[in-house]
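Shown next, in C-alpha cells, is the structure this report addresses.
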Amino acid sequence: MAAGSAEGAGGCDTGRIRPGLALALLFALAGCGGFGGEAAPEAAPAPASAAMPETPPLPDRVGDEAALRQFYANVQSDLIATGRLRLETAPADAPYGVPELVRDFERVALYNEYTDVNGEFLHQESPSILRRWTVPIRVAAMASPSTPRESAHDRGNVAAFTKRLARLSGTDMAMADDASVNFLVLFMNSSEREAFADQIRQRYPTFAPAVMNALRDTPLDTFCTTYAFFDPENPALYASVLILIRAEHPPLTKLSCVHEEMAQAMGLPNDSPEARPSLFSDSLEFALLTEHDEILLRMLYDPRLRPGMTAEEARPLLPDIARDAIAAEQRDGGAPGLAVN
C-alpha cells in the first residue's frame, strides 16, 4: 500500500493508509518520549482512468477478528477489480528512462508533500533533504503467536525483502534478534494489541514509547504505518524504524505493506503521482517493488550523494547516477530494454 511520509529533525515520521479511498495520510506524533518529532498528511488522486472502489463499512468492534479479515479482504478485492495492486515489476505499458528516473527520484527522495504551517499540516509540497542509513541496519519481525503458520510466512517475507534491500542499497542490513535491532516490523493483531505491546516492551525497550502510542492510536482504516526516527545529532541520518502492519490483512496486502514500508524506510519517504511503474504513488496501481523502484534505491545509496543534500545540490549528479543505476540493474538481470542514455 502506498504511504507517504514527512520528516522532522531529530524526531519521527509516520504514514498511514485509508483503504479503498487510496489516500496516504501522515499525522503528527508529538511527545513520543525520546522519539518525539513531526510528520504530515499526504494524499493524491488515483489516475483518472481508474474508478475508485467504494469503501466497505468498517467492523463495529476492534476485536472482531473475523469481521476485520473480511473487511480487509473486501478492500483488496475491490482494488484488484479496479486495476490496482498489479503484480508486474516491469510492465510494457509503463516505459521510463533517465529523465523520468531523475524526476521521480527528486520528488520521492528530496521533497515532502505536506508542510507545517502554524502547527497545521497543509497539502503543500516543500523541499526536504536526502536522508538514508549509515549505521548497520538490524531487522526483526514480530507476529501474532495465535497464528503460527501465517506468522512464520510473514517473517519469511520480511527476511527475504531484507536481503533484497541490502543488495540494492549496499548497506550492512540483516535480520537479528537482540539488542542491536533498530528496524522493527510488527504484524499486529488488533485483539492482541495489549499483550503484543508487553512483549515488545520486554524484548525491545527502546521502541516501547512509540509502540505504545502506535498500538493505542491506530484506527481500523490504517493499513500499515511507518515511524522513522532520526539521529538527534544529525537529522539526515536514520537511527531506527518501527513498522506496523495489520495481521488481519490478506496475504497480498500484507506483502505490499512489507515492500512499501520497508523500502520507504530506507530513505524514499515521499509519493509522486508521476512515478510509474512504482509503489511510490497514491494510485495503488502496483502492489510490489518494481524495477523502477529498485533503481531509485540504487540511486539513493550511490556514494556520489551524501545525507543532507538538497535537491539543488543533488540534481546535477542525478543523470549520471541514474545511468549507472540502470546499468547495475541490467547486470543483475532487471530493467530489460532500458537504454543507458
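For the sequence shown, UniProt numbering begins at 1 and goes up steadily by one. Glycine included, every Cβ here is placed at the ideal spot set by N, Cα and C.
Exercise. In terms of alpha-carbon separation, which member of 179, 81, 221, 99 lies closest to residue 206?
Worked result: Position 206 of the sequence shown holds residue 206. Each of 179, 81, 221, 99 was checked against the Cα of residue 206, and the nearest Cα belongs to 179.
Problem set entry | Contacts around residue 241, its chain only, beta-carbon distance under 8 Å, and the 5 residues preceding and following it disregarded | Position 241 of the sequence shown, counted from the first residue, corresponds to residue 241. For residue 241, where only same-chain residues beyond five positions count, the Cβ hits under 8 Å are 182, 183, 184, 226, 227, 228, 229, 265.
For this session: Select from 224, 219, 233, 197 the residue whose C-alpha is nearest the C-alpha of residue 211.
Result: Indexing the sequence shown from 1 puts residue 211 at position 211. Considering only alpha carbons, the answer is 197.
For this session: Give me the Cα-Cα distance between residue 279 and residue 159, rounded to the nearest whole angstrom.
Result: Within the sequence shown, numbered from 1, the residue matching residue 279 stands at position 279. Within the sequence shown, numbered from 1, the residue matching residue 159 stands at position 159. The straight-line gap from Cα to Cα measures roughly 20 Å.
Exercise. Can at least three beta-carbon pairs, one atom from the segment 253 to 262 and one from the segment 150 to 167, be found at a separation below 8 Å?
Worked result: Output reads yes: the segment 150 to 167 touches the segment 253 to 262.
For this session: Would you kindly check if the distance between the Cβ of residue 131 and the Cβ of residue 236 is under 9 Å?
Result: By 1-based counting over the sequence shown, the position of residue 236 is 236. By 1-based counting over the sequence shown, the position of residue 131 is 131. Against a cut-off of 9 Å, the Cβ pair of residue 131 and residue 236 comes out as a contact.
For this session: Would you tell me roughly how many angstroms separate the C-alpha atoms of residue 154 and residue 320, rounded to the nearest one?
Result: One-based indexing of the sequence shown puts residue 154 at position 154. One-based indexing of the sequence shown puts residue 320 at position 320. When rounded, the distance between both Cα atoms is 37 Å.
For this session: Use the C-beta contact count for residue 281: other C-beta atoms within 10 angstroms, 16 or more gives buried, fewer gives exposed.
Result: As a working mapping, residue 281 is identified with position 281 in the sequence shown. By the neighbour-count rule (16 or more Cβ atoms within 10 Å), residue 281 is buried.
For this session: Confirm, please, whether the CB-CB distance from residue 304 to residue 328 is below 9 Å.
Result: Looking up residue 328 in the sequence shown gives position 328. Looking up residue 304 in the sequence shown gives position 304. Taking 9 Å as the Cβ cut-off, residue 328 and residue 304 do not qualify as a contacting pair.
Exercise. From which residue to which residue does the beta strand (DSSP E) around residue 240 run?
Worked result: Looking up residue 240 in the sequence shown gives position 240. It spans 234 to 246 - the beta strand (DSSP E) in which residue 240 sits, taken as one unbroken run.
For this session: On the DSSP bridge assignment, give the partners of residue 377 in chain order.
Result: The requested residue 377 does not occur in the structure, where the chain is confined to residues 1 to 341.
Exercise. Given residue 89, which residues of its chain have a CB within under 6 Å of its CB, disregarding the five upstream and five downstream residues?
Worked result: Here residue 89 refers to the residue found at position 89 when the sequence shown is read from its first residue. So the qualifying residues of the chain are 290, 291.
For this session: Measure the CB-CB distance between residue 263 and residue 302 and report whether it falls below 9 Å.
Result: Residue mapping note: residue 263 aligns to position 263 of the sequence shown, counting from 1. Residue mapping note: residue 302 aligns to position 302 of the sequence shown, counting from 1. It is not a contact, given that the beta carbons lie outside the stated cut-off.
Exercise. Looking at residue 79 and residue 284, is the spacing between their C-beta atoms short of 9 Å?
Worked result: Numbered from 1 along the sequence shown, position 284 holds the residue referred to as residue 284. Numbered from 1 along the sequence shown, position 79 holds the residue referred to as residue 79. The answer is yes: Cβ separation under 9 Å.
Exercise. For residue 343, which of helix, strand or coil comes out of DSSP?
Worked result: A question about residue 343 goes unanswered here, because the residues of the chain that appear run from 1 up to 341.
For this session: Find out if the Cβ-Cβ distance for the pair residue 192, residue 224 is shorter than 9 Å.
Result: One-based indexing of the sequence shown puts residue 192 at position 192. One-based indexing of the sequence shown puts residue 224 at position 224. It is not a contact, given that the beta carbons lie outside the stated cut-off.
Exercise. Using the C-alpha atoms, what's the distance from residue 231 back to residue 162?
Worked result: On the sequence shown, position 162 is the one that residue 162 refers to. On the sequence shown, position 231 is the one that residue 231 refers to. Going by C-alpha positions, residue 162 is about 22 Å away from residue 231.
Exercise. So which of 107, 136, 109 has the shortest CA-CA distance to residue 175?
Worked result: Within the sequence shown, residue 175 is the residue found at index 175, counting from 1. Residue 136 is the option with its Cα nearest to residue 175.
Problem set entry | Endpoints, the alpha helix (DSSP H) within which residue 231 is located | Locating residue 231 in the sequence shown gives position 231, counting from the first residue. Residue 231 -> not in any alpha helix (DSSP H); beta strand (DSSP E) instead, spanning 224 to 231.
Exercise. If you draw a straight line from the C-alpha of residue 106 to the C-alpha of residue 306, how long is it?
Worked result: The sequence position of residue 106 within the sequence shown is 106, counting from 1. The sequence position of residue 306 within the sequence shown is 306, counting from 1. A direct Cα-Cα distance of roughly 14 Å separates residue 106 from residue 306.
Problem set entry | Sequence-distant residues of the same chain with beta carbon closer than 7 Å to residue 204, five excluded per side | Along the sequence shown, one-based indexing puts residue 204 at 204. Counting only Cβ-Cβ distances below 7 Å, and skipping sequence neighbours, we find 181, 184.
Problem set entry | Spatial distance of residue 35 from residue 233 (CA atoms) | Locating residue 35 in the sequence shown gives position 35, counting from the first residue. Locating residue 233 in the sequence shown gives position 233, counting from the first residue. Unreliable positioning characterises residue 35 in this predicted model, as indicated by a pLDDT of 28, which lies under 50. A coordinate reading is not provided.
Exercise. Rounded to a whole number of angstroms, what is the C-alpha to C-alpha distance between residue 44 and residue 108?
Worked result: Counted from its first residue, the sequence shown places residue 44 at position 44. Counted from its first residue, the sequence shown places residue 108 at position 108. For residue 44, the pLDDT reaches just 28, beneath the cut-off of 50, and the residue's location in the model is therefore unreliable, leaving the point undetermined.
Exercise. Going by other Cβ atoms of all chains shown within 10 Å of its Cβ, with 16 needed for buried, is residue 143 buried or exposed?
Worked result: Counting from one through the sequence shown, the residue named residue 143 turns up at place 143. Looking at its Cβ environment, which holds 16 or more other Cβ atoms inside 10 Å, residue 143 is buried.
Exercise. Run through DSSP, which three-state label would residue 273 get?
Worked result: Here residue 273 corresponds to residue number 273 of the sequence shown, with the count starting at 1. Coil.
For this session: Select from 324, 287, 286, 277 the residue whose C-alpha is nearest the C-alpha of residue 300.
Result: Here residue 300 is taken as the residue at index 300 of the sequence shown, counted from 1. Of the candidates 324, 287, 286, 277, the residue whose Cα lies closest to the Cα of residue 300 is 324.
For this session: Give the straight-line distance between the Cα atoms of residue 177 and residue 140, rounded to the nearest whole angstrom.
Result: To locate residue 177, count along the sequence shown from 1; it is residue 177. To locate residue 140, count along the sequence shown from 1; it is residue 140. Computed Cα separation, rounded: 6 Å.
Exercise. Candidates 99, 218, 77, 92: which alpha carbon is nearest residue 274's?
Worked result: Residue 274 sits at position 274 when you count from the first residue of the sequence shown. When each option's Cα is compared against that of residue 274, the closest is 99.
For this session: Leaving aside the five residues before and after residue 309 along the sequence, list all residues of the same chain whose C-beta is less than 6 Å from its C-beta, in chain order.
Result: Along the sequence shown, read from residue 1 onward, the residue named residue 309 stands at position 309. Hits under 6 Å: 130.
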